[in-house]
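Scroll down for the structure; my scribbles are underneath it.
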Amino acid sequence: MQSTFSGIEIGKRSLIAHTQGMTTVGHNLSNASVEGYSRQRVHFKPTDALYMPQLNRENTPGQIGQGVDITRIERVHDELLEGKIVSRANGRGYWEARDSYMLQLEQVYNEPTESSVRTLMDRFWDSWQELSIHPQEGAARQAVVQRGEALMDGIHRQYSRMKEIRNMVEDDLTATVGRVNAILNDVRSLNEEILKVEALGDNPNDLLDRRDLLVKELSGLINITVDNRDPDEFSIHTQGRHLMQGRVLTPLRTDPNPLNEGYSTVRWAESGEEAYFTGGKLQALLDLRDGDIRGEIQKLDVLAMNYIDLVNEIHRSAYGLDGQNGRAFFEEVPFVTDVAGNYDRNGDGEFDSSYIFRVSGTNNLNPQDHLGLQGTITLSGPQGNIEIPYNPTDTVGDVISRINRSGAEVVARLDQSGRMAMKALPATELENPDFVIRHIEDSGQFLVGYAGILQGSGAEGAYDWEQADAVLAFRGGGDNYAVAPVAHPSGWIEISGALKNDINRLAAGFGENGRPANPGDGSAALSVAQLRTRPVMLGNLMSFDDFFAETIADAGLRGEQAQRTFETENLVMKELEGMKQALSGVNIDEEFSQLIKFQHGYNAAARFISTFNSMLDTIINRLGV
């Protein structure tokens, strides 16, 4: 039998339900500006009727209603849309970081200004041109030294700024790894709280929003995929690995790498294996630090090494006003003090490697002469050795061009006297040192009897750097090779102190038949000035001007690519986030309409209770009076 006071209970349930509805609206309005918040909705259902068909009941017609209950408070959320946002966030994170640092890298070149390296380089060449016209004048000699010092200062500044940017990227990378681990820990804590709330049958809406926001931030740092099909084990994966599975996480760590100048390698904290990613800010920082910025520093080093090697080559063979020759214009700083380039690479106290930068042949060659020889030259490349065939119909120039276009990390040219010189390039792989020839081999006689570089053919006569005294494979008795320089010559290249102290030692003329040059002989100065446009740069045999112009253009194009791609990724993300905001975001007008609806419902419930109370008052206090 229905209770006399059942109406009060029905009204109370209505009051509670509509109060919760208004509270939820207030919660939505309060969090309207909170990033990642998804609006929530209260769902009502009729309370179970008093009499159920499967139970014994009195013969009362129909079911007697008992009011309203709250079934759940759910957040308005689209899992598929959230998955798209997570999958695209790593692309925006990657290109955003790349765009920021590439802009800084472009600004290093400072083109075109009076203090740019390109301008200082032009002035340096002009000073040698002026010296070739007035070799006996002290003012022209002083101009060469002063403009040379200004150029060296400019190269030093450019190297220092690139090094600073690389250090900034390193600091950012370390902080990013720390942030990845912090996010994983926060998500794990949220997972534990979410499981506890769900175990009680409640909806942890705010906790889920916070987790989604952290996952989105994590996706901007590294490429991830999310699997929440199992409510008890929320999982995050990257590159086929579990970053997180429920309460178990796999953090990252950074270890200094001595092969990469002490810069960090990102590893998995537990196994120590190197971690690899395909997107996100972390991968962008790795690509920038060990790719773009390292490459720009290597290009500047190539420029500096050519200045040292080519200008010194001419200057040593020329004479100063004091009648002496054999002096270097630039000071050379070798990587090792051993004259044979021997070095203890593994640190066991014994020489095990040879660090040689350049080797020259003993024979004078004509680039137009046909070889009449056949064989294969084998040179060290970025990943293993590279084979370069030559045939009897090839000219000397053909073989040199083929070497320089082969992709090997050894290049060739004919020097001032027509001898073939082979030089090392900066290494692509971190484990290989820059400006070190690692392998030279010839199955035939071109590098042996024809050019006079190697002692013998085949593997037995090959030069290989992974042994001490490897220079014994060269011809020339030790006068035809140069030891590798200290790392990053663009950071230490300087004009010889002896020349700065006495400008009369500056060599301007070659002289004739072994006799010192006359005071009016400017032939050597002219040869140095002509280096400006001669095809002498390492790698592609381009001129200094062409090499520098290509370097600046390449940096600008990569910066433009980063900017445009970031803008595209940003537009895509804004569109996805706009779709999410339209679905899950708080609409003030809609919330006000909900508030009015719940307010009217609350007022109606209150009026119902008031009316029912009057009826009970009549029964209790007035019946039978």
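First residue of the sequence shown: 1, per full-length UniProt numbering; consecutive thereafter.
Every residue gets a Cβ at the ideal spot worked out from N, C-alpha and C, and that includes glycine.
Beta-ladder partner(s) of residue i, from DSSP
i: residue 422; result: 359, 412
i: residue 512; result: 515
i: residue 244; result: 236, 249
i: residue 164; result: None, per the DSSP bridge assignment.
i: residue 474; result: 454
i: residue 495; result: 330
i: residue 395; result: 370
i: residue 387; result: 378
i: residue 400; result: DSSP lists no partner for residue 400.
i: residue 274; result: 267
i: residue 319; result: 509
Neighbourhood of residue i by C-beta, 7 Å cutoff - its chain only, sequence neighbours within 5 removed
i: residue 350; result: 344
i: residue 313; result: 415, 416
i: residue 49; result: 63, 64, 65, 66
i: residue 525; result: 128, 131, 132, 135, 508
i: residue 451; result: 361, 363, 365, 420
i: residue 325; result: 316, 317, 318, 319, 507
i: residue 565; result: 95
i: residue 212; result: 36, 82
i: residue 456; result: 448
i: residue 214; result: 183, 186, 187
Collapsed DSSP secondary structure at residue i in the structure displayed
i: residue 124; result: helix
i: residue 223; result: coil
i: residue 93; result: helix
i: residue 135; result: coil
i: residue 380; result: strand
i: residue 602; result: helix
i: residue 116; result: coil
i: residue 129; result: helix
i: residue 40; result: strand
i: residue 584; result: helix
i: residue 607; result: helix
i: residue 264; result: strand
i: residue 26; result: helix
i: residue 78; result: coil
i: residue 501; result: helix
i: residue 210; result: helix
i: residue 314; result: helix
i: residue 187; result: helix
i: residue 482; result: strand
i: residue 254; result: strand
i: residue 488; result: coil
Closest Cα partner of residue i within the set the options
i: residue 562; options: 271, 11, 101; result: 101
i: residue 519; options: 133, 496, 72, 490; result: 133
i: residue 221; options: 210, 181, 93, 182; result: 93
i: residue 386; options: 440, 581, 121; result: 440
i: residue 394; options: 368, 236, 225; result: 368
i: residue 185; options: 249, 524, 32; result: 249
i: residue 264; options: 170, 43, 45, 342; result: 170
i: residue 360; options: 594, 463, 453; result: 453
i: residue 244; options: 287, 200, 190, 529; result: 190
i: residue 162; options: 125, 108, 253; result: 108
i: residue 338; options: 356, 327, 326, 446; result: 356
i: residue 297; options: 261, 330, 267; result: 261
i: residue 294; options: 167, 199, 413; result: 167
i: residue 206; options: 238, 499, 571, 194; result: 194
i: residue 6; options: 377, 608, 76, 590; result: 608
i: residue 467; options: 498, 342, 529; result: 342
i: residue 495; options: 309, 175, 24; result: 309
i: residue 306; options: 574, 75, 528, 558; result: 528
i: residue 443; options: 431, 461, 436; result: 461
i: residue 470; options: 396, 488, 352, 575; result: 352
Sequence-distant residues of the same chain with beta carbon closer than 6 Å to residue i, five excluded per side
i: residue 173; result: 285
i: residue 400; result: 412
Own chain, CB closer than 8 Å to residue i, minus 5 neighbours either side, in chain order
i: residue 382; result: 407, 409, 427, 428, 429
i: residue 579; result: 81
i: residue 20; result: 42, 70, 73
Any non-hydrogen atom of the ligand GDP closer than 6 Å to residue i Cβ
i: residue 342; result: Absence of the ligand GDP from the depicted structure is noted, as is the absence of any ligand whatsoever, leaving it without description.
Three or more C-beta pairs closer than 8 Å, one from the region 112-119 and one from the region 153-169: is that the case here? Judged by Cβ distances under 8 Å, the region 112-119 makes contact with the region 153-169, as three or more pairs qualify.
Touch check for the region 249-263 and the region 67-87: three-plus C-beta pairs under 8 Å? No, the region 249-263 is not in contact with the region 67-87.
May I ask you to verify whether the region 506-513 touches the region 320-336, counting CB pairs closer than 8 Å and requiring at least 3? They touch, by the three-pair rule.
Would you check if the region 89-103 and the region 278-287 touch, i.e. whether three or more CB-CB distances between them fall below 8 Å? A contact exists between the region 278-287 and the region 89-103.
Three-pair Cβ contact test at 8 Å for the region 34-45 versus the region 577-592: Segments in contact, yes.
Count the CB pairs spanning the region 16-32 and the region 610-625 that are closer than 8 Å, and state whether there are at least three. No, the region 16-32 is not in contact with the region 610-625.
Can at least three beta-carbon pairs, one atom from the region 284-303 and one from the region 223-243, be found at a separation below 8 Å? The region 284-303, when compared against the region 223-243, does not touch it at the 8 Å Cβ threshold.
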